[in-house]
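Novice: Please find one structure pasted underneath; my questions will follow.
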Amino acid sequence: MAKEFTDSEMDNLLAQESLIVIDFWAEWCGPCKKLSPVIDELAEEYDGVVDIRKCDVEENVEVASKFGVMAIPTIVLVKGGKEITRRTGTIKKDQLKSLIEENK
0 MAKEFTDSEM DNLLAQESLI VIDFWAEWCG PCKKLSPVID ELAEEYDGVV DIRKCDVEEN
60 VEVASKFGVM AIPTIVLVKG GKEITRRTGT IKKDQLKSLI EENK
């Protein structure tokens, strides 16, 4: 299962050099709920290799604001504290896996 990415952890997490995948979501978002199991599966598959996190935009406004998230679900890949790519809307597991493989 993917861990939460919170406002209080933001600076420490962004200081990592390794790849972080952040899934921006909200409880009321239907497409986010469909994507959630995919994120959890990939978090298990990449455990110890890629840090895959979920960020509730309503509870972690600072993180969502820093990344300029205007629509959800949004997936942001970060490496060395910098955003390297993003996808807004639903994404298939194999597509997200390809993005991770290209950037890890």
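Numbering (numbering that gives the first Met the number 0), first residue to last: 0 to 103.
All C-beta atoms in this analysis are idealised placements derived from N, C-alpha and C, irrespective of residue type, glycine included.
Quantities reported herein were computed from a predicted structural model and do not represent experimental measurements.
(1) According to DSSP, what are the bridge partners of Leu98?
(2) Per DSSP, what kind of secondary structure is Val62 in: helix, strand or coil?
(3) Would Lys92 and Val37 be called neighbours here (beta carbons separated by less than 7 Å)?
(4) On the three-pair Cβ rule with 8 Å, is the region 40-47 touching the region 3-13?
(5) List, from N- to C-terminal side, the beta strand (DSSP E) runs of 3 residues or more that fit wholly inside the region 30-94.
(6) On the DSSP letters alone, give me the boundaries of the alpha helix (DSSP H) that Asp10 sits inside.
(7) Alpha carbons only, please: which of Leu34, Val49 and Glu57 is nearest the one belonging to Lys78?
(8) Quick test of your reading: Ile21 and Arg52, contact by CB under 8 Å. State the CB separation rounded to the nearest angstrom.
Specialist: Reading it off the structure:
(1) In the DSSP output, where bridge partners are listed per residue, Leu98 has none listed.
(2) helix
(3) Here Lys92 is near Val37, since their CB atoms are less than 7 Å apart.
(4) No: the two stretches stay apart, fewer than three of their Cβ pairs being nearer than 8 Å.
(5) 50-55, 73-78 and 81-87
(6) Met9 to Leu13
(7) Val49
(8) 5 Å
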